[in-house]
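Enquirer: Protein sequences appear in the order of chains C and G. Per our numbering, residue 1 is the first one in the first sequence, and the count goes up by one each step. Per our numbering, residue 238 is the first one in the second sequence, and the count goes up by one each step.
Number of protein chains: 2
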Amino acid sequence: MNNSLSTSPTPAGPAGPAGTAGPAGTASSRVFDHLRKDLVGGCFVAGEKLAINVLKDRYQVGLSPLREALNKLAAYGLLVQENQRGFRVPKLSRDELDDITQVRLEMEGMALERAIANGDSLWEADLLAAAHRLKRVDITLDKGEEWEYLHTQFHRTLVAPCGSVWLLRFIEQLHDQFDRYRRLGPKMPTIRQELDEQHHQLVELALQRDAKTARELMDDHIHKSYEVALKRYQEHV
Amino acid sequence: MNNSLSTSPTPAGPAGPAGTAGPAGTASSRVFDHLRKDLVGGCFVAGEKLAINVLKDRYQVGLSPLREALNKLAAYGLLVQENQRGFRVPKLSRDELDDITQVRLEMEGMALERAIANGDSLWEADLLAAAHRLKRVDITLDKGEEWEYLHTQFHRTLVAPCGSVWLLRFIEQLHDQFDRYRRLGPKMPTIRQELDEQHHQLVELALQRDAKTARELMDDHIHKSYEVALKRYQEHV
DNA sequence: ATAAGTTAAAAAATCGATTATCTTGTTTAA
DNA sequence: TTAAACAAGATAATCGATTTTTTAACTTAT
Chain C
1 MNNSLSTSPT PAGPAGPAGT AGPAGTASSR VFDHLRKDLV GGCFVAGEKL
51 AINVLKDRYQ VGLSPLREAL NKLAAYGLLV QENQRGFRVP KLSRDELDDI
101 TQVRLEMEGM ALERAIANGD SLWEADLLAA AHRLKRVDIT LDKGEEWEYL
151 HTQFHRTLVA PCGSVWLLRF IEQLHDQFDR YRRLGPKMPT IRQELDEQHH
201 QLVELALQRD AKTARELMDD HIHKSYEVAL KRYQEHV
Chain G
238 MNNSLSTSPT PAGPAGPAGT AGPAGTASSR VFDHLRKDLV GGCFVAGEKL
288 AINVLKDRYQ VGLSPLREAL NKLAAYGLLV QENQRGFRVP KLSRDELDDI
338 TQVRLEMEGM ALERAIANGD SLWEADLLAA AHRLKRVDIT LDKGEEWEYL
388 HTQFHRTLVA PCGSVWLLRF IEQLHDQFDR YRRLGPKMPT IRQELDEQHH
438 QLVELALQRD AKTARELMDD HIHKSYEVAL KRYQEHV
C-alpha cells in the first residue's frame, strides 16, 4: 500500500493485510503507520490526551521517533497539538461528521467521474480484483481488520486514475477522518451486505463508463456509510 | 492568522505582517512557520536536498525541534521525506501546476458560493477591510512581503464563512502549493493592477450576494494567476 | 576497461539526559 | 472564606552524544 505520507520508497515487502508497511524502514515511520491505524480504528478515546511515556512503551520506540510521528499525525489531522501540553486525540462532533461527508461527496464524485473518463483496461482489472477480494472476506473468520483494509483498497482503486494527485491525497485524508466515526463501537458494519452490493454495482457502472449513474450511486454509497457513522457516533456519546 | 497546523493557542501577539506567529511558543513551531514561509516564498531550489546541519545554523535551533518541523512539513506536502536519506524540496512540474489549479478551481469555487450564502455582515466588513488594506500597499516601499501576506489574508477572508473546516484546510494547503509556482523569480506580480481590480470586483459581487457571477470571476481570477505562475515556471526551468 | 567488493567519511536517525513549562496541592494573606 | 502565591511533582520540549545507514572514493578481479 505505502501511503503517501510514509517515507517514500518503502521496500514494498509482502504488503501485509492491514496497511502496515512490511518490514518498514525507520522507527519513526513504523510508529506513524501503527498509530495512524490505531487512531483511525478507534483504539483511543476521542479527546483523550496522549501520554508520551505510555506510547513509548506501547509502541516500543524512543522519544525522538515517537515525537516525529506525532508531529506528522498532527499535520495530517489525526491529532491535535496544544502549545506546550502535548498531543490529544481530536474530539468528534456531529458538525464535523456532516462537514467531512459533504466534502467527501464533492471530491469523490469528482474523482470518480474523472477516473471513469481516464481509466484504462488495467484499471478495470484492478477494480474487479479489488471488489472480488472484498466480497470474499469471511465475516466469521475475519477480525474486522481484513475487511477494513480491502475496503480502503477498493475505494482507492476506484478513483486512482482520476489524474489528480492532490484530489487523491485529500480523499485519503477524508477517508481516515470519516472512519474515525464509522469505526466507533462494534467491528463489522451491520449492513455489510448492502454496502458490498453497492461496491459491485459501482464496478459494473465503471466498466460501462456510465459516469453519471456511477456518481449518483457513489453519492448514495457515501450517504449509506454516513448513516452508519452517524448511528455509531450517536450511540457512542 | 494562526495557521491551523501550528500548535493551537498561540498567545496571538501583535500579529506581525508576514504570517509569523508573533513571539511564538515552542522552538519547533517557530521553525515550522519560518520554514513554511521560506518554502512557499521560493527561498529554496525545487528538488534541493536539505542539509539538516545547515538548517540548524540558519534557523538557530537544535536537531529535535528542527526534525519535528521537517516532519510536519512533509506531512503537509511542502517537503518530501525519503526513506533513510532525509528531506528534500519537492520538484515542480507543469503537470502538478495544472493539477493544483484544477482542484483550486473546484474547491475555491465551491467555498465561495457557500461563503456568499452564509456570510454575515461582520464578514462583509472584514472583506472590505481586507480588500482595502491590500489595495493600499505601496509597491515602491513594499519588499513584496506585505502584499503577499495581505493577499493571502484577503483570499482567506473571502471563503472563511463557507462552513467547512476541511474545505478551508485543503484550500489553504493548495494555496501554499500554488504559490511555490507563482512566487518563482521576481517579487511583484507584473499584473498586480489587474489582480487588484478583480479583488475589488469580487468584494462587490460578494456584497451583492451574486454567487454565480462571483464564482465565474473567481474562476477567471484563478486562471489569471495560473498564467502568471505558468510563465514564472517556464522562465525558471 | 568494467563491475563487484571494500572502506572511510558524511549524513540521518535514535537514544539518554537535561531543561523548561505546566499542574496540582498546599499555604498564606486579605 | 476566598483568592493569590508558592512549591513539589509530573510532563513536555530540547540538547548533546551515539548508533545506524548511506555515499563516495578506492581497490581488486574478471
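Cβ coordinates follow ideal geometry from the N, Cα and C atoms, glycine included.
Could you tell me whether any Cβ in chain G is nearer than 8 angstroms to the Cβ of ARG67/C?
Expert: Translated into positions along the first sequence, residue 67/C becomes position 67. ARG67/C counts as touching chain G.
Enquirer: Where does the unbroken alpha helix (DSSP H) through LEU55/C begin, and where does it stop?
Expert: Taking the first residue of the first sequence as position 1, residue 55/C is located at position 55. Where LEU55/C is concerned, the enclosing alpha helix (DSSP H) stretches over 52-59.
Enquirer: Using a Cβ cut-off of 8 angstroms (strictly closer), state whether GLY119/C contacts chain G.
Expert: Along the first sequence, one-based indexing puts residue 119/C at 119. Not an interface residue.
Enquirer: Using the three-state DSSP reduction, which class does GLN208/C fall into: helix, strand or coil?
Expert: To locate residue 208/C, count along the first sequence from 1; it is residue 208. Residue state, collapsed to three classes: coil.
Enquirer: Helix, strand or coil: how does DSSP classify VAL440/G here?
Expert: Here residue 440/G refers to the residue found at position 203 when the second sequence is read from its first residue. VAL440/G falls in the helix class under three-state DSSP.
Enquirer: Taking the alpha carbon of PHE324/G as the reference point, which residue from LEU307/G, LEU334/G, ARG351/G has its own alpha carbon closest?
Expert: Taking the second sequence and counting its residues from 1, one reaches residue 324/G at position 87. Comparing Cα-Cα distances from PHE324/G to each of LEU307/G, LEU334/G, ARG351/G, the minimum goes to LEU307/G.
Enquirer: Going along the region 399-416 of chain G in order, which residues come within less than 9 angstroms of chain C, judged by CB to CB distance?
Expert: GLY400, SER401, VAL402, TRP403, LEU404, ARG406, PHE407, GLN410, LEU411, GLN414
Enquirer: Taking all protein chains shown into account, decide if ARG30/C is buried (16 or more other Cβ within 10 angstroms of its Cβ) or exposed.
Expert: To locate residue 30/C, count along the first sequence from 1; it is residue 30. Looking at its Cβ environment, which holds 16 or more other Cβ atoms inside 10 Å, ARG30/C is buried.
Enquirer: Using 8 angstroms for Cβ pairs, my map puts PHE32/C next to LEU73/C. What's the rounded Cβ distance?
Expert: As a working mapping, residue 32/C is identified with position 32 in the first sequence. As a working mapping, residue 73/C is identified with position 73 in the first sequence. Confirmed, Cβ separation roughly 7 angstroms.
Enquirer: Which bits of chain G does SER225/C rub up against, with CB to CB less than 7 angstroms?
Expert: Taking the first residue of the first sequence as 1, we reach residue 225/C at position 225. Those do not exist, as SER225/C stays about 16 angstroms from chain G at its closest Cβ, beyond 7 angstroms.
Enquirer: For GLN81/C, which beta-bridge partners are listed by DSSP?
Expert: Start at 1 with the first residue of the first sequence, and residue 81/C comes out as number 81. BP columns for GLN81/C point to PHE87/C.
Enquirer: Please confirm if MET218/C has its CB atom under 8 angstroms from at least one CB of chain G.
Expert: On the first sequence, position 218 is the one that residue 218/C refers to. Not an interface residue.
Enquirer: Alpha carbon to alpha carbon, what distance is there between ARG183/C and VAL228/C?
Expert: Position 228 of the first sequence, counted from the start, is the residue given in the question as residue 228/C. Position 183 of the first sequence, counted from the start, is the residue given in the question as residue 183/C. Cα-Cα distance, rounded: 9 angstroms.
Enquirer: Does the Cβ-Cβ distance between GLU124/C and LEU207/C come in under 8 angstroms?
Expert: Taking the first sequence and counting its residues from 1, one reaches residue 124/C at position 124. Taking the first sequence and counting its residues from 1, one reaches residue 207/C at position 207. For GLU124/C and LEU207/C, yes; Cβs fall inside 8 angstroms.
Enquirer: Could you give the C-beta distance for LEU55/C and LEU66/C, rounded to a whole number, given that I count them as a contact under 8 angstroms?
Expert: As a first step, residue 55/C must be located in the first sequence, where it is residue number 55. As a first step, residue 66/C must be located in the first sequence, where it is residue number 66. With 8 angstroms as the limit, LEU55/C and LEU66/C qualify as a contact, their Cβ atoms being about 6 angstroms apart.
Enquirer: Please determine, among GLN321/G, THR389/G, GLN339/G, GLU285/G, the residue with the shortest C-alpha to C-alpha distance to HIS460/G.
Expert: Sequence index remark: in the second sequence, residue 460/G carries index 223 (1-based). Among GLN321/G, THR389/G, GLN339/G, GLU285/G, the Cα nearest to that of HIS460/G belongs to GLN339/G.
Enquirer: Report the rounded CA-to-CA distance for GLU204/C versus GLN438/G, giving the unit in angstroms.
Expert: Reading the first sequence from its first residue, position 204 is the one you call residue 204/C. Reading the second sequence from its first residue, position 201 is the one you call residue 438/G. About 46 angstroms.
Enquirer: Name the chain G residues that come within less than 9 angstroms of GLN102/C, Cβ to Cβ?
Expert: For this step, residue 102/C is matched to residue 102 along the first sequence. Per Cβ cutoff of 9 angstroms: GLY400, SER401, TRP403, LEU404.
Enquirer: Does DSSP classify LYS143/C as helix, strand or coil?
Expert: Within the first sequence, residue 143/C is the residue found at index 143, counting from 1. Three-state result, LYS143/C: coil.
Enquirer: Report the neighbours of ALA312/G on chain C: residues whose CB is nearer than 7 angstroms to its CB, in chain order.
Expert: Along the second sequence, one-based indexing puts residue 312/G at 75. Simply LEU5, LYS72, ALA75, TYR76.
Enquirer: Output, in chain order, the set of chain G residues within a Cβ distance shorter than 9 angstroms of SER93/C.
Expert: Translated into the one-based positions of the first sequence, residue 93/C becomes position 93. Correct list: empty, because the minimum Cβ distance to chain G is about 10 angstroms.
Enquirer: At the 8 angstroms Cβ level, is THR263/G part of the contact set with chain C, yes or no?
Expert: On the second sequence, position 26 is the one that residue 263/G refers to. Yes, THR263/G counts as interfacial toward chain C.
Enquirer: Using C-beta distances below 8 angstroms, list every residue in its chain close to ALA214/C, excluding the 5 sequence neighbours before and after it, in chain order.
Expert: By 1-based counting over the first sequence, the position of residue 214/C is 214. Contacts found: LEU112, GLU113, ILE116, LEU202, LEU205, ALA206.
Enquirer: Does ASN83/C have its Cβ less than 8 angstroms from a Cβ in chain G?
Expert: Counting from one through the first sequence, the residue named residue 83/C turns up at place 83. The C-beta of ASN83/C comes closer than 8 angstroms to at least one C-beta of chain G.
Enquirer: Examine the ligand FMN and report whether any of its heavy atoms sits within less than 7 angstroms of the Cβ of HIS34/C.
Expert: Among the components modelled here there is no ligand, and therefore nothing to report on the ligand FMN.
Enquirer: Do HIS175/C and THR140/C have their C-beta atoms closer together than 8 angstroms?
Expert: Along the first sequence, read from residue 1 onward, the residue named residue 175/C stands at position 175. Along the first sequence, read from residue 1 onward, the residue named residue 140/C stands at position 140. Result no, Cβ atoms of HIS175/C and THR140/C do not sit closer than 8 angstroms.
Enquirer: Residues of the region 108-133 of chain C in Cβ contact with chain G at a cutoff of 8 angstroms, in chain order, please.
Expert: MET110
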